[in-house]
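In terms of our numbering, the sequence shown opens at residue 35 and continues consecutively. Where is the CB? At the ideal position from N, CA and C, for every residue including glycine. Here the structure comes first, spelled out in structure tokens, and everything after it is commentary.
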Amino acid sequence: MNARISLVLRVGVSVAFLALLFWVGRKDFPAIARVLRNANISFFILAALLNIINVAILASRLKKILAVQGLNLNFKEAIYLNFIGLFFNNFLPTSVGGDLVKAYYATKKTSKKLESFSSVFFDRFFGFLSIGLLALLGIIFLNRGIKDKSLLWGSVIFLIVVFSTFIIFLNKTLAKVLFSRLLGLSIFREGSKLRRLYNAINAYKAHKVIIAQLIGISLVAQLVFVVAVYVLIKGLSQNISFLYLLLIIPLVSVASMVPSINGLGVREGAYIYFLSEFINKESAFAVSILILAIIFITSFVGGILYLFSEKVYKSALS
Numbered sequence: 035m036n037a038r039i040s041l042v043l044r045v046g047v048s049v050a051f052l053a054l055l056f057w058v059g060r061k062d063f064p065a066i067a068r069v070l071r072n073a074n075i076s077f078f079i080l081a082a083l084l085n086i087i088n089v090a091i092l093a094s095r096l097k098k099i100l101a102v103q104g105l106n107l108n109f110k111e112a113i114y115l116n117f118i119g120l121f122f123n124n125f126l127p128t129s130v131g132g133d134l135v136k137a138y139y140a141t142k143k144t145s146k147k148l149e150s151f152s153s154v155f156f157d158r159f160f161g162f163l164s165i166g167l168l169a170l171l172g173i174i175f176l177n178r179g180i181k182d183k184s185l186l187w188g189s190v191i192f193l194i195v196v197f198s199t200f201i202i203f204l205n206k207t208l209a210k211v212l213f214s215r216l217l218g219l220s221i222f223r224e225g226s227k228l229r230r231l232y233n234a235i236n237a238y239k240a241h242k243v244i245i246a247q248l249i250g251i252s253l254v255a256q257l258v259f260v261v262a263v264y265v266l267i268k269g270l271s272q273n274i275s276f277l278y279l280l281l282i283i284p285l286v287s288v289a290s291m292v293p294s295i296n297g298l299g300v301r302e303g304a305y306i307y308f309l310s311e312f313i314n315k316e317s318a319f320a321v322s323i324l325i326l327a328i329i330f331i332t333s334f335v336g337g338i339l340y341l342f343s344e345k346v347y348k349s350a351l352s
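In structure tokens:
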């Protein structure tokens with residue numbers, strides 16, 4: 035698709051969802067403003083700090099993923115990379131802007147360009163996998179307590195897709211059956227870029243211990259974010275079961291994948307839709323606004339690092 039058309043569509047989707055949210059909530063603006071004014075600022079600061087801590091947790095995951103391909107970044111570099119990636123994710127007109135920046139920076143450390151891009155792909159893949167694990171935990175602990183069937187079946191469908199992909203990835207025999215014809219095409223001949231990319235992705239299968247570590251790190255990061263959202267809700271003097279958030283947040287993440295400006299509008303609409311089942315509508319609107327504010331704050335930190343970090347980082351990302 036032409037890049038300009040893609041940009042117009044993404045902007046259009048975000049604008050349309052934001053306009054819809056303004057229209058739906060237009061009569062509730064005074065009540066929403068009142069909820070925000072009464073929000074506990076200490077809880078908001080704690081939630082923002084948890085989100086920043088999460089960047090460091092995810093940096094450790096990225097560091098391990100890159101190391102498999104022989105791309106060795108220290109922990110400080112990985113943190114810089116994640117913060118700056120978040121900045122580009124939220125201010126560039128594409129949802130993968132941050133990923134491209136991460137991959138580009140990694141290529142500055144080595145000549146392995148395809149391996150760098152495969153590493154960034156896996157960083158995102160393990161993010162999706164951890165979202166699936168989060169939903170699974172919610173289903174296990176809530177069991178028959180899930181009254182909203184759309185919440186239940188949405189989680190189940192997402193789980194099936196995520197874990198099916200993961201099984202195909204780990205099972206060499208199944209992967210060989212599925213990709214044998216594809217690998218027989220001339221564009222996948224030995225030495226070609228696509229074959230090198232396939233080999234780079236395939237390399238992770240031999241590192242089962244690292245895969246287990248990556249899953250653990252990813253799950254911890256997701257749980258920290260759930261705690262941050264839970265803290266925000268408590269800061270508005272609202273009550274919701276922590277277990278329900280284990281289901282809601284994965285579905286919001288899936289909704290955010292709709293082509294838009296990094297999920298803007300779509301993400302907020304999803305939070306309002308699902309949270310309104312458990313807390314009042316005004317508070318659900320307020321939570322979505324506060325989460326967006328935290329996302330922008332974290333992105334702003336990335337922007338500051340990009341502007342004022344050491345020359346090596348700026349030159350690599352310029």
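Extract the residue ranges of the alpha helix (DSSP H) inside the region 68 to 119, only unbroken runs of 4 or more that lie entirely within it. 75 to 102
For TYR340, which of helix, strand or coil comes out of DSSP? As a position in the sequence shown, residue 340 is number 306, starting the count at 1. Of the three classes helix, strand and coil, the one that applies to TYR340 here is helix, per DSSP.
Contact defined as beta carbons within less than 8 Å: I believe ILE328 pairs with LEU70. What is the distance between those atoms, to the nearest angstrom? Position 294 of the sequence shown, counted from the start, is the residue given in the question as residue 328. Position 36 of the sequence shown, counted from the start, is the residue given in the question as residue 70. 14 Å between Cβ atoms; not a contact.
Along the chain, where does the alpha helix (DSSP H) containing ALA237 start, and where does it finish? Mapped onto the sequence shown, residue 237 falls at position 203. Here ALA237 belongs to no alpha helix (DSSP H), and DSSP marks it neither H nor E.
Can you list, in chain order, the residues of its chain with a C-beta nearer than 6 Å to that of PHE276? Leave out the 5 residues immediately preceding and following it. One-based indexing of the sequence shown puts residue 276 at position 242. Excluding residues within five positions, the ones whose Cβ falls inside 6 Å are TYR264.
Can you tell which of ILE99, PHE197 and LYS110 has the C-alpha that lies nearest to the C-alpha of ALA240? Working through the sequence shown from its first residue, we reach residue 240 at position 206. With distances taken between Cα atoms, ALA240 lies closest to ILE99.
Whole-angstrom C-beta distance between VAL135 and PHE155, which should lie under 8 Å: In the sequence shown, the residue the question calls residue 155 occupies position 121. In the sequence shown, the residue the question calls residue 135 occupies position 101. That pair is no contact at about 14 Å.
Going straight from the alpha carbon of PHE160 to that of LYS315, what length do you get? Working through the sequence shown from its first residue, we reach residue 160 at position 126. Working through the sequence shown from its first residue, we reach residue 315 at position 281. About 33 Å.
Backbone secondary structure at ASN124 - three-state DSSP: In the sequence shown, counting from the first residue as 1, residue 124 sits at position 90. It is helical.
Local conformation of SER317 per DSSP, three classes: Position 283 of the sequence shown, counting from 1, holds the residue named residue 317. In the structure shown, SER317 falls within a helical segment according to DSSP collapsed to helix, strand and coil.
Quick one, are the C-beta atoms of ILE91 and ALA255 less than 8 Å apart? Your numbering for residue 91 matches position 57 in the sequence shown. Your numbering for residue 255 matches position 221 in the sequence shown. Yes, Cβ-Cβ distance for ILE91 and ALA255 is below 8 Å.
Does the Cβ-Cβ distance between LEU120 and SER333 come in under 8 Å? Translated into the one-based positions of the sequence shown, residue 120 becomes position 86. Translated into the one-based positions of the sequence shown, residue 333 becomes position 299. Result yes, Cβ atoms of LEU120 and SER333 sit closer than 8 Å.
Counting Cβ pairs closer than 8 Å, one from the region 164 to 177 and one from the region 266 to 274, do we hit at least three? no
Mapping the DSSP letters down to three states, classify GLU302 as helix, strand or coil. For this step, residue 302 is matched to residue 268 along the sequence shown. GLU302 falls in the helix class under three-state DSSP.
State the start and end residues of the unbroken alpha helix (DSSP H) segment that holds ILE282. As a first step, residue 282 must be located in the sequence shown, where it is residue number 248. For ILE282, the enclosing alpha helix (DSSP H) covers residues 276 to 289.
In chain order, what residues of the same chain have a beta carbon less than 7 Å from the beta carbon of LEU170, not counting five sequence neighbours either side? Along the sequence shown, one-based indexing puts residue 170 at 136. Only LEU193 meet the Cβ criterion.
Thinking C-beta only, is ILE283 closer than 8 Å to VAL260? In the sequence shown, the residue the question calls residue 260 occupies position 226. In the sequence shown, the residue the question calls residue 283 occupies position 249. A contact, by the Cβ cut-off of 8 Å.
If you run the structure through DSSP and keep just helix, strand and coil, what is GLY271? For the purposes of this step, residue 271 is identified with residue 237 of the sequence shown, where counting begins at 1. The question names Gly, but residue 271 in the sequence shown is Ser. In the structure shown, SER271 sits in coil (DSSP, three-state: anything other than H, G, I, E or B).
Inter-residue spacing [alpha-carbon to alpha-carbon] between LEU83 and ASN116: Numbered from its first residue, the sequence shown carries residue 83 at position 49. Numbered from its first residue, the sequence shown carries residue 116 at position 82. LEU83 and ASN116: Cα-Cα distance of roughly 15 Å.
Go ahead and pull the three-state DSSP assignment for SER322. Here the question's residue 322 lines up with position 288 in the sequence shown. In this structure, SER322 counts as helix in the three-state DSSP scheme.
Taking its Cβ as the centre, do 16 or more other Cβ atoms sit within 10 Å of PHE342, making it buried, or is it exposed? Residue 342 sits at position 308 when you count from the first residue of the sequence shown. Exposed, by the Cβ-count rule.
Helix, strand or coil, according to DSSP, for PHE312 in the structure here? The residue given as residue 312 occupies position 278 in the sequence shown. Correct three-state label for PHE312: coil.
How would you label GLY104, buried or exposed, when you count the other beta carbons within 10 angstroms and need 16 or more for buried? Here residue 104 corresponds to residue number 70 of the sequence shown, with the count starting at 1. Burial call: exposed.
Taking 8 Å as the limit between beta carbons, can you name the residues of its chain near SER164, skipping five residues before and five after? For the purposes of this step, residue 164 is identified with residue 130 of the sequence shown, where counting begins at 1. Taken in chain order, the residues that qualify are ILE249, SER252, LEU253, ALA255 and GLN256.
Look at TYR114 and LEU339 and say whether their C-beta atoms are less than 8 Å apart. Sequence index remark: in the sequence shown, residue 114 carries index 80 (1-based). Sequence index remark: in the sequence shown, residue 339 carries index 305 (1-based). Yes, these two residues count as a Cβ contact at 8 Å.
Within a Cβ cutoff of 6 Å, which residues of the same chain sit near LEU168, ignoring the five residues on either side of it in sequence? Walking along the sequence shown from the start, residue 168 turns up at place 134. For LEU168, where only same-chain residues beyond five positions count, the Cβ hits under 6 Å are GLN256, LEU280 and PRO284.
So, under 8 Å CB-CB, VAL102 and TYR238 are touching, yes? Tell me the CB distance rounded to an integer number of Å. Translated into the one-based positions of the sequence shown, residue 102 becomes position 68. Translated into the one-based positions of the sequence shown, residue 238 becomes position 204. Going by Cβ atoms, the distance from VAL102 to TYR238 rounds to 6 Å, so yes, they are a contact pair.
Expressed to the nearest angstrom, what Euclidean distance is found between the alpha-carbon atoms of LEU298 and GLY132? Mapped onto the sequence shown, residue 298 falls at position 264. Mapped onto the sequence shown, residue 132 falls at position 98. Going from the Cα of LEU298 to the Cα of GLY132 covers about 15 Å.
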